[in-house]
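K.L.:
Have a look at this one before I ask anything.
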């Protein structure tokens, strides 16, 4: 059994303690807030100058001056603040965020991240990805374990252009939770019923299985959403 | 006849056009606003984050949160804005002020300014003087022509530590208005009844007398204040 | 009396010349000076160098300038919004040069120009292709890239409220690049939704002091800038 | 629930240790966190490295720390206010080291630390004794000095209003160094005149977002900080 995209987001949410200040990338990372426990106060940062992004605005209730970094119309939570781009990147570059969660094209065994330019992509765009990858303390990757073509996205060495070297701390996929440590990748958790060897088989770099490697604590369903398939 | 300190301030005020954004040093420069025509809108900048400094606050009407760079309790004019030190020095260093008016210990013929450390001064302090001297387009010096000891303050070469090299545009004294030009000092105006030769006699560097050198347009008295002695 | 107001957008941008470099404020739609940009489009100005986070959306405002072939170079961080098809077409045809800059470096370069700095060392980029050819220097064991100031002939920005002195206040997330671009261009032109009397902006809510502003014009919010349903169906 | 409030100044500064580097906000009296500083004085912390624009005024707050011999080094731009006699005496006795920095360079160095930059080139200083021994580099024909970031273990700052999340709003000219110091220290401790409920600060009036703040304490304005008549007669 493997996690759905929602399941990955659920698992990531469990790693964010109260008081976290978190920047979220597009895709799976953007789904994390739906799974944050309402008794944990956590502030979501958006590059365009918001601290305290809330859920997407309901249809008809969009505020023309409130979008997130993905340009979607969002709401703001109580206690949210707004600021200019200088302050927003002071927050990022100055290391003030506690976490960032981003997608990846590839992650290498040494923590190198490639997520800004697909092979063959003709028009490049980087946005705030490099500032985040170079400067946020706890950089978490949330992604499917393998590509659409079934190829490992966790690799010995990235072939796509790097976003930043040695930056990823932890990888959350539909199969596993993997830490990037000085000696290499450490398998910490596996999806329910998945053997470490099966994770290794879909991974392009050697995994050391942690002594306390365990099954992820993710329910099959949450609020009617399927988390495990 | 020579100008009083108030007279120098009056003469400087005449050089500030409507729409000027001006930083004022302590001493004679701080007296300039009293002589600005009320039909000219001019904004006074203070290093500590004010654009739109007004007159000193009346006794008993001081606002504890409104001081100027000299730490005096001042008022704010309509349309004043307040900001942090970063923005305040963006304004100074970025060249956004139109004028700054400061005092000097010495000004050299090449425009070098010394105004932050007196000879023999044991405890140094520089404040915003260097940022202003290095970066404001029209840097005006307002000072007495000679020191308390009667020595020229306009010199061939500064002997006190420099605030900035080649920065002064125009010098206003109790005797004269002198421009710093590429070729050296040019005497533009003299105090009423003062001969150019008398100005030269009290100046430590050669003056070229401008073809249209004239008497300063300063009245003997203004609002009951003596401008010329 | 200082009066920086101008009657309409056409007058506000009349001095923008062919070949000018222009900073455009905004991120997504919020804070985009769409009315000023449309005025530039109407007056036919061309051969422009644009500085903006993205590359415009749709066939309107900055997107429209790309569609009309008026821009020869773009400095941006994220010109790949799905709505930026006008830029995309021009870029793929080779009509537009692109200088791609990480978003934090883009804003910091603009800030350096506005604050009079000669350059700065940022930790973002060493070892990536966006730092290729740039000076890398180590401070306290960490690598930094030397980045240079980025200024422009004009900045076109948008604010919520403003007065005749150029004091500006922004609403919520429309602030983004606007205040910093206001510091970094020779001529700064602002569109505001409300022109208010001097003294009616709270001193603590003025985000851009008037000293940074040259011209200010009151506009109506263009409905093409806010159509969540259409945007939703397009993405 | 995030709650950064602490009951009193003593508790707020309890973690400040001997030998710590501390940024002190304020300029003149406005924005000086006098109650926090007095709490440090009471708890006896010593051997401190201070970063402040001036050197304190009178025998109170920062002036008091100098009087009591608690500060071994000061980084400042203008330590020569007539009221800074406590610093002056210590400095002339050789008890305090002074690093003198132009005011704009001081604030920019603090900003560089808060914004994660490795250093920057400022046009202020080349050819003067304050740039002696520093790297000078020419960009576009102009000389610039390389200046390095300045951080600290603690920042003690003051704001007007704040909430339990650490969001802060400053009144008039009390802002000065406070917002930027809040970005540049490991631990940021704030005194506010009013602690307000979350959501009651206007979003456009929050000058320091809570992310920069660690501890916040509500104080009463100390009358010793505001006595215009006494100050007038002293100068």
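Chains as they are written, first to last, in my numbering: chain A, 109 to 337; chain B, 109 to 337; chain C, 991 to 1225; chain D, 991 to 1225.
C-beta atoms are modelled at their ideal positions from N, C-alpha and C, and glycine is treated no differently.
1. Would you call the stretch 1134 to 1151 of chain C in contact with the stretch 1159 to 1166 of chain D, where contact means no fewer than 3 C-beta pairs closer than 8 Å?
2. Fully enclosed by the stretch 1045 to 1124 of chain C, which alpha helix (DSSP H) runs are 4 residues long or longer?
3. Based on DSSP bridge pairs, tell me the residues matched to residue 1134 of chain C.
4. For chain A, check one thing: does any of its Cβ atoms lie closer than 8 Å to the Cβ of residue 1067 of chain C?
5. Is there a C-beta anywhere in chain A that falls below 8 Å from the one on residue 1143 of chain D?
6. Which class does residue 995 of chain C belong to by DSSP, given the choice of helix, strand or coil?
7. Output, in chain order, the set of chain D residues within a Cβ distance shorter than 8 Å of residue 159 of chain A.
8. Report yes or no: do three or more beta-carbon pairs, one from the stretch 114 to 121 of chain A and one from the stretch 109 to 116 of chain B, lie closer than 8 Å?
9. What is the C-beta distance between residue 238 of chain B and residue 271 of chain B, in whole angstroms, given that I count them as a contact (C-beta under 8 Å)?
10. Residue 1026 of chain C and residue 1146 of chain C look like a contact to me (Cβ under 8 Å); what is the Cβ gap, rounded to whole Å?
11. Report yes or no: do the stretch 1063 to 1073 of chain C and the stretch 205 to 219 of chain A share at least 3 C-beta pairs separated by less than 8 Å?
12. Return helix, strand or coil for residue 1152 of chain D, following the three-state DSSP convention.
13. With 8 Å set as the bound, which would you pick, yes or no: does the beta-carbon of residue 1061 of chain C sit closer than that to a beta-carbon of chain B?
14. To the nearest whole angstrom, what separates the beta carbons of residue 183 of chain A and residue 162 of chain A, a pair I think is in contact under 8 Å?
15. Residues in the stretch 110 to 134 of chain A with C-beta within 8 Å of chain D's C-beta atoms, listed in sequence order?
16. By DSSP, does residue 1011 of chain D sit in helix, in strand, or in coil?
17. What residues of chain C sit near residue 1159 of chain D, judged by a beta carbon separation below 9 Å?
18. I'd like the list of long-range same chain contacts for residue 995 of chain D, defined as Cβ closer than 6 Å, with 5 residues on each side in sequence excluded.
19. Starting from residue 242 of chain A, trace the alpha helix (DSSP H) in both directions and tell me its first and last residue.
20. Have a look at residue 1002 of chain C and residue 1082 of chain C and give me their C-alpha separation to the nearest angstrom.
21. Counting only the same chain and skipping the five closest in sequence on each side, list residues whose C-beta sits under 8 Å from that of residue 127 of chain A.
22. Compute the beta-carbon to beta-carbon distance between residue 114 of chain B and residue 334 of chain B, rounded to the nearest angstrom, for a pair I have assumed lies under 8 Å.
23. In this structure, does DSSP put residue 1192 of chain C in helix, strand or coil?
24. Let me see if you follow: with CB-CB separation under 8 Å, is residue 179 of chain B close to chain D or not?
25. Grouping DSSP H, G and I as helix and E and B as strand, with all else coil, what is residue 1026 of chain D?
26. Per DSSP, which residues does residue 218 of chain A bridge with? Please list them.
27. Taking the beta strand (DSSP E) that residue 154 of chain A belongs to, which residues open and close that run?
28. Any beta carbon of chain D sitting closer than 8 Å to that of residue 207 of chain B?
29. The beta strand (DSSP E) that contains residue 207 of chain A, what's its start and end?
30. Roughly how many angstroms lie between the CA atoms of residue 1074 of chain D and residue 152 of chain A, to the nearest whole one?
31. Kindly indicate which residue of B:253, B:267, B:274 has the alpha-carbon position closest to the one of residue 1115 of chain D.
32. Do the CB positions of residue 187 of chain B and residue 1189 of chain C come within less than 8 Å of each other?
33. Quick one: what's got a C-beta closer than 6 Å to residue 159 of chain A's C-beta in the same chain, skipping five residues either side?
34. Name the two residues that bound the continuous beta strand (DSSP E) containing residue 114 of chain B.
35. What is the DSSP secondary structure of residue 133 of chain A, counted as helix, strand or coil?
36. Flag residue 1140 of chain D as yes if its beta-carbon sits less than 8 Å from any beta-carbon of chain C, otherwise no.
P.N.:
For this structure:
1. no
2. 1051 to 1057, 1075 to 1082, 1093 to 1104
3. In the third chain, residue 1134 of chain C corresponds to position 144, counting from 1. DSSP lists C:1127 as partners of residue 1134 of chain C.
4. Counting from 1 along the third chain, the entry for residue 1067 of chain C is found at position 77. It does; some Cβ of chain A falls within 8 Å.
5. Within the fourth chain, residue 1143 of chain D is the residue found at index 153, counting from 1. Residue 1143 of chain D does not count as touching chain A.
6. Against the third chain, residue 995 of chain C aligns to sequence position 5. Reduced to three states, the DSSP call for residue 995 of chain C is strand.
7. Translated into the one-based positions of the first chain, residue 159 of chain A becomes position 51. Correct list: 1199, 1200, 1201.
8. no
9. If you number the second chain from 1, residue 238 of chain B lands on position 130. If you number the second chain from 1, residue 271 of chain B lands on position 163. Right, the Cβ-Cβ distance comes to about 6 Å (below 8 Å), so this counts as a contact.
10. The residue you call residue 1026 of chain C lines up with position 36 of the third chain. The residue you call residue 1146 of chain C lines up with position 156 of the third chain. Rounded, the Cβ-Cβ distance is 5 Å, consistent with contact.
11. no
12. Here residue 1152 of chain D refers to the residue found at position 162 of the fourth chain. In this structure, residue 1152 of chain D counts as strand in the three-state DSSP scheme.
13. Mapped onto the third chain, residue 1061 of chain C falls at position 71. False, the Cβ-Cβ gap to chain B never drops below 8 Å.
14. Locating residue 183 of chain A in the first chain gives position 75, where the first residue counts as 1. Locating residue 162 of chain A in the first chain gives position 54, where the first residue counts as 1. Confirmed, about 4 Å.
15. 126, 127, 129
16. What you label residue 1011 of chain D is simply residue 21 of the fourth chain in a count that begins at 1. The answer is strand: DSSP assigns residue 1011 of chain D an E or B state.
17. Numbered from its first residue, the fourth chain carries residue 1159 of chain D at position 169. The contacting residues are 1194.
18. Reading the fourth chain from its first residue, position 5 is the one you call residue 995 of chain D. Result list for residue 995 of chain D: 1154, 1206, in chain order.
19. Here residue 242 of chain A is taken as the residue at index 134 of the first chain, counted from 1. Looking at the DSSP string, the run of the alpha helix (DSSP H) that includes residue 242 of chain A is 237 to 243.
20. Locating residue 1002 of chain C in the third chain gives position 12, counting from the first residue. Locating residue 1082 of chain C in the third chain gives position 92, counting from the first residue. Looking at the two C-alpha atoms, the distance is approximately 33 Å.
21. Numbered from its first residue, the first chain carries residue 127 of chain A at position 19. Once the five neighbours on either side are set aside, the close Cβ partners of residue 127 of chain A are 149, 150, 206.
22. Here the question's residue 114 of chain B lines up with position 6 in the second chain. Here the question's residue 334 of chain B lines up with position 226 in the second chain. With 8 Å as the limit, residue 114 of chain B and residue 334 of chain B qualify as a contact, their Cβ atoms being about 7 Å apart.
23. Mapped onto the third chain, residue 1192 of chain C falls at position 202. Coil at residue 1192 of chain C, not helix or strand.
24. Your numbering for residue 179 of chain B matches position 71 in the second chain. For residue 179 of chain B, the answer is yes, since a Cβ of chain D falls inside 8 Å of its Cβ.
25. Mapped onto the fourth chain, residue 1026 of chain D falls at position 36. In the structure shown, residue 1026 of chain D sits in a helix (DSSP, three-state: H, G or I).
26. For the purposes of this step, residue 218 of chain A is taken as residue 110 along the first chain, with counting starting at 1. Paired residues: none, contrary to the question.
27. One-based indexing of the first chain puts residue 154 of chain A at position 46. Looking at the DSSP string, the run of the beta strand (DSSP E) that includes residue 154 of chain A is 151 to 154.
28. Translated into the one-based positions of the second chain, residue 207 of chain B becomes position 99. No - not a single Cβ of chain D is within 8 Å of the one on residue 207 of chain B.
29. The sequence position of residue 207 of chain A within the first chain is 99, counting from 1. Unbroken beta strand (DSSP E) run through residue 207 of chain A: 207 to 210.
30. Taking the fourth chain and counting its residues from 1, one reaches residue 1074 of chain D at position 84. Taking the first chain and counting its residues from 1, one reaches residue 152 of chain A at position 44. Whole-angstrom Cα-Cα distance: 44 Å.
31. As a working note, residue 1115 of chain D is residue 125 in the fourth chain. Nearest option by C-alpha distance: B:274.
32. For the purposes of this step, residue 187 of chain B is identified with residue 79 of the second chain, where counting begins at 1. For the purposes of this step, residue 1189 of chain C is identified with residue 199 of the third chain, where counting begins at 1. Contact flag set, yes.
33. Taking the first residue of the first chain as 1, we reach residue 159 of chain A at position 51. Taken in chain order, the residues that qualify are 151, 153, 189.
34. Along the second chain, one-based indexing puts residue 114 of chain B at 6. That residue, residue 114 of chain B, is in no beta strand (DSSP E); its alpha helix (DSSP H) goes 113 to 121.
35. Reading the first chain from its first residue, position 25 is the one you call residue 133 of chain A. Three-state result, residue 133 of chain A: coil.
36. As a working mapping, residue 1140 of chain D is identified with position 150 in the fourth chain. No, residue 1140 of chain D lies away from the interface with chain C (no Cβ there is under 8 Å from its Cβ).
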